[in-house]
Amino acid sequence: MENLLQKSCNGWRTCLISIVFIMTALVMSTIAPDTVTPSSEKRLIKQLINNYEKAGKIGRPVKHNKETVVVGLGLSLFQLLHLNEKNQILTINVWTKYTWVDQLLRWDPANYSNIREVRIPPKLIWTPDIVLYNYVDERMKEQRDVMLNVDYMGRVFWSPPAIFKSRCPIDIRNFPFDYQTCFLRFGSATQHSDQMDLQFLDNRTEVDTVEYTESNEWTIIAKPARRYLISSKCGKNTPVLTFFLFLKRNPAYYTYILVFPCILLSLITTVIFWLPPHIPAKMLLSMNIFVSFFLLLKILAMSTPSASTIVPFLGYFYCLNMLLLSISTFLSTLIINLHTYSHKRGPVPPWMVKVVCLFSTPLSIPRPEGCDEPSEKLSSIQAKLQKAQKFAGIPNHSPAYGGYPLQPMNAMQTTTEQQGGFPRFKQLMYSQGVPAGCWNRDTMTQLDAYLREQVQSSQNIKWSQHSTPEMLLDQLPGRTAGNAQEQQSNDSSGSNRRQQLWQQADKSRRATMQIHTSLSHLRDAFKNLMEKISKKDALAKRARDWRLVVMTIDRLFFWFYLMVVIGAGCYLLIPRGQPQTVDEIIQSHSEQNRQKAIQKASECLLGQN
Numbered sequence: 232m233e234n235l236l237q238k239s240c241n242g243w244r245t246c247l248i249s250i251v252f253i254m255t256a257l258v259m260s261t262i263a264p265d266t267v268t269p270s271s272e273k274r275l276i277k278q279l280i281n282n283y284e285k286a287g288k289i290g291r292p293v294k295h296n297k298e299t300v301v302v303g304l305g306l307s308l309f310q311l312l313h314l315n316e317k318n319q320i321l322t323i324n325v326w327t328k329y330t331w332v333d334q335l336l337r338w339d340p341a342n343y344s345n346i347r348e349v350r351i352p353p354k355l356i357w358t359p360d361i362v363l364y365n366y367v368d369e370r371m372k373e374q375r376d377v378m379l380n381v382d383y384m385g386r387v388f389w390s391p392p393a394i395f396k397s398r399c400p401i402d403i404r405n406f407p408f409d410y411q412t413c414f415l416r417f418g419s420a421t422q423h424s425d426q427m428d429l430q431f432l433d434n435r436t437e438v439d440t441v442e443y444t445e446s447n448e449w450t451i452i453a454k455p456a457r458r459y460l461i462s463s464k465c466g467k468n469t470p471v472l473t474f475f476l477f478l479k480r481n482p483a484y485y486t487y488i489l490v491f492p493c494i495l496l497s498l499i500t501t502v503i504f505w506l507p508p509h510i511p512a513k514m515l516l517s518m519n520i521f522v523s524f525f526l527l528l529k530i531l532a533m534s535t536p537s538a539s540t541i542v543p544f545l546g547y548f549y550c551l552n553m554l555l556l557s558i559s560t561f562l563s564t565l566i567i568n569l570h571t572y573s574h575k576r577g578p579v580p581p582w583m584v585k586v587v588c589l590f591s592t593p594l595s596i597p598r599p600e601g602c603d604e605p606s607e608k609l610s611s612i613q614a615k616l617q618k619a620q621k622f623a624g625i626p627n628h629s630p631a632y633g634g635y636p637l638q639p640m641n642a643m644q645t646t647t648e649q650q651g652g653f654p655r656f657k658q659l660m661y662s663q664g665v666p667a668g669c670w671n672r673d674t675m676t677q678l679d680a681y682l683r684e685q686v687q688s689s690q691n692i693k694w695s696q697h698s699t700p701e702m703l704l705d706q707l708p709g710r711t712a713g714n715a716q717e718q719q720s721n722d723s724s725g726s727n728r729r730q731q732l733w734q735q736a737d738k739s740r741r742a743t744m745q746i747h748t749s750l751s752h753l754r755d756a757f758k759n760l761m762e763k764i765s766k767k768d769a770l771a772k773r774a775r776d777w778r779l780v781v782m783t784i785d786r787l788f789f790w791f792y793l794m795v796v797i798g799a800g801c802y803l804l805i806p807r808g809q810p811q812t813v814d815e816i817i818q819s820h821s822e823q824n825r826q827k828a829i830q831k832a833s834e835c836l837l838g839q840n
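Take the sequence shown: its position 437, counting from 1, is numbered 668 in my numbering, and each next residue is one higher.
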């Protein structure tokens with residue numbers, strides 16, 4: 232009985248153990264596929280970090296001090312965010328790529344489920360202290376935290392994205408048609424070339440722009456990179472990688488904002504000079520254009536460095552227009568003053584008249600009086616005589632008096648006969664053998680000489696200021712037979728007739744005296760009137776001369792402004808090419824580094840001595 236109980240208990244124990252074993256196997260079979268690989272990676276990472284903690288994170292990851300850590304650096308440009316010309320700061324979004332070999336991060340993949348690569352946070356291991364030398368960022372950290380890729384040979388690849396703000400010297404001379412050269416200098420902050428050698432990643436000596444997004448304002452025309460050695464200590468050099476960005480501005484926006492309005496304002500300024508010089512509205516328009524140029528200059532100043540020693544050519548063009556407008560406003564004030572107070576000024580100086588005469592024809596200005604030469608004056612007089620002869624109907628066939636003869640004055644003779652005047656003149660001319668139809672300049676001269684001889688030889692002739700040639704002829708002793716018969720008939724008339732004649736003569740004498748007095752008053756009044764007219768004409772002539780002077784000044788300044796603006800516009804506003812080629816700029820940069828190295832070596836020699 233006891234044997235049966237013992238056998239049954241052993242059977243139950245065996246069954247229970249079998250059940251437990253089977254359940255354990257089932258659980259292990261379901262959990263094992265999900266935990267084998269992660270545990271190996273974690274175990275590997277933990278092992279690597281433990282080794283680093285034992286060796287120490289601080290210090291280069293080498294086994295011997297004389298070994299050099301070779302670090303490869305590459306720059307992949309993703310976006311050109313902004314180039315601040317005012318503060319001379321370049322802001323770019325890049326991916327910096329680093330590679331180096333860490334001897335403390337090696338393992339055998341066979342011991343860790345054939346794991347060949349792991350990712351480790353950069354805070355847990357050594358990373359190169361490569362910084363941007365020409366940074367101007369207020370942030371103390373430029374890069375973002377990104378895991379490092381480490382393979383079993385200890386090769387580390389690290390590509391953190393970063394936004395760099397670097398100093399970029401701006402040359403705004405050709406703004407907005409300018410080219411800019413910016414560069415980024417990377418190097419170790421504390422280690423020289425014997426400790427860490429900085430090289431280009433994959434020997435690629437340029438900026439990678441495969442993932443670059445084009446900028447609306449700037450175009451990259453070149454992106455080379457160069458390696459330099461700079462002297463950090465006496466006998467110690469630090470490798471530096473310099474990445475250049477040669478940029479060309481897209482001037483469409485600034486042409487629309489700054490250049491095109493400037494050209495329009497310059498064209499409007501030329502219209503000012505065609506307004507009458509004495510109109511005050513000319514000054515008002517000039518000042519409005521001056522304010523417009525000042526506004527454009529303010530916009531230009533906001534877009535350029537305030538502390539720059541170089542002024543853009545566009546700014547020179549603005550200032551030139553403002554200067555010319557100021558001079559034009561000053562001349563307009565002077566012109567208005569001359570035009571308003573010309574009656575109070577003296578006559579125009581002769582040298583001004585000569586200047587006006589000199590420029591009157593090319594400037595399309597009326598010539599003032601006194602500009603004609605003697606030959607020109609003679610030609611004008613001859614033209615007037617010819618016009619008068621043509622108007623009087625006098626033919627000119629024979630040359631006389633410079634080609635414009637004075638023929639017998641038939642028209643004057645006809646007029647005299649129609650008026651029934653001067654019969655004794657006719658008798659005198661016929662008595663001297665001169666026909667009345669030949670009364671020309673010569674016969675008049677002969678008649679005048681004859682009258683003078685007769686008046687001087689006769690003692691009975693009474694001459695006064697109001698005597699006429701006909702009255703003088705009546706008193707001549709040598710009168711014709713018709714005159715004697717007339718005198719005898721008058722003497723034979725009766726005393727009544729003589730008395731009536733004396734009374735009529737007395738009345739005529741009184742009337743003549745009254746007429747003489749009235750004529751004297753009229754003569755004085757006419758003389759005063761003529762003097763006033765002469766003064767008025769003189770003032771008008773003086774004002775006209777001064778007006779011609781101011782017109783000449785205004786036109787001369789117009790052509791001066793036009794030539795200066797066109798010349799300055801062609802020189803200052805026409806786009807230019809890049810002042811230096813890419814190779815020349817890189818060569819200049821290399822020369823600067825060489826000069827600094829020589830200067831540093833000289834300082835070291837002086838310090839040792």
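Beta carbons are placed, not taken as given, at the ideal position from N, Cα and C, and that holds for glycine.
### Task
Indicate the three-state DSSP secondary structure (helix, strand or coil) for M427 in the structure shown.
strand
### Task
Starting from S397, follow the beta strand (DSSP E) in both directions and report where the run begins and ends.
392-398
### Cβ contact check for the stretch 527-545 and the stretch 380-399: 3 or more pairs under 8 angstroms
no
### Query
Do the stretch 461-473 and the stretch 500-508 meet, that is, are 3 or more Cβ pairs less than 8 angstroms apart?
no
### Alpha-carbon to alpha-carbon, N481 and E448
5 angstroms
### Task
Measuring alpha carbon to alpha carbon, tell me which of T500, T421, F406, P492 ends up nearest V795.
T500
### DSSP bridge partner residues for P470 (one or two, in chain order)
L460
### Task
Please name the residue, chosen from F309, L306, K328, W338, that lies closest to I280 on a Cα-to-Cα basis.
W338
### Query
Of all the options V387, P352, C493, K328, which has the alpha carbon lying nearest to the alpha carbon of L432?
Cα-wise, what sits closest to L432 is K328.
### Task
Just confirm the distance between the C-beta atoms of I784 and L562, as a whole number of angstroms; I'd bet it's less than 8 angstroms.
6 angstroms
### Query
Roughly how many angstroms separate the alpha carbons of T440 and F791, rounded to a whole number?
51 angstroms
### Span separating the alpha-carbon of W389 from that of L489
The alpha-carbon of W389 is positioned some 46 angstroms away from that of L489.
### Query
In three-state DSSP terms, what is K585?
helix
### Query
Is the number of C-beta pairs between the stretch 397-416 and the stretch 799-818 that are closer than 8 angstroms three or more?
They touch, by the three-pair rule.
### Task
Give the range of the beta strand (DSSP E) segment to which A453 is assigned.
449-453
### Query
Should R778 go down as buried or exposed, given a rule of 16 or more other Cβ atoms within 10 Å for buried?
buried
### Simplified DSSP state of W777, which is helix, strand or coil
In this structure, DSSP gives W777 a helical state, which the three-state scheme calls helix.
### Query
Should R740 go down as buried or exposed, given a rule of 16 or more other Cβ atoms within 10 Å for buried?
exposed
### Query
So the beta strand (DSSP E) V325 belongs to, where does it begin and stop?
320-332 is the span of the beta strand (DSSP E), which, as asked, contains V325.
### Message
In whole angstroms, give me the CA-to-CA distance for Q334 and Q823.
### Response
38 angstroms
### Query
Thinking C-beta only, is E316 closer than 7 angstroms to I401?
yes
### Query
Between the C-alpha atoms of I356 and A828, what's the straight-line distance to the nearest angstrom?
34 angstroms
### Whole-angstrom distance between N282 and Q830, CA atom to CA atom
45 angstroms
### Task
Would you mind working out which of E834, I797, H820 sits nearest F915, comparing C-alpha positions?
The question about residue 915 has no answer, for the chain in this structure spans 232 to 840.
#### Entry: Chain-order list of residues whose beta-carbon lies under 8 angstroms from that of P492 (same chain, five-residue window excluded)
S523, L527
### Local conformation of A832 per DSSP, three classes
DSSP places A832 in helix when its eight states are reduced to three.
### Query
Given S559, which residues of its chain have a CB within under 6 angstroms of its CB, disregarding the five upstream and five downstream residues?
S517
### Query
Where does R825 land, buried or exposed, given buried means 16+ other C-beta within 10 angstroms?
exposed
### Task
Please look up how many angstroms separate the CB atoms of P391 and V377, rounded, as I've assumed it's under 8 angstroms.
That belief holds up - the Cβ atoms of P391 and V377 are roughly 4 angstroms apart, short of 8 angstroms.
### 7 angstroms CB neighbourhood of V325 in its chain, flanking five on each side removed
L306, S307, L308, F309, A393, F395
### Query
What's the call for W582, buried or exposed, on a 16-neighbour Cβ count within 10 Å?
exposed
### Query
Where does G798 fall in DSSP's three states?
helix
### Query
Buried or exposed: where does M744 fall if 16 or more other Cβ atoms within 10 Å of its Cβ makes it buried?
exposed
### Query
What is the C-beta distance between V293 and D428, in whole angstroms, given that I count them as a contact (C-beta under 8 angstroms)?
Contact flag wrong, Cβ pair sits at about 12 angstroms.
### Message
Please report the straight-line C-alpha distance between K758 and S765, rounded to a whole angstrom.
### Response
10 angstroms
### Message
Relative to the C-alpha of V584, which candidate in R775, L556, E348 has its C-alpha closest?
### Response
R775
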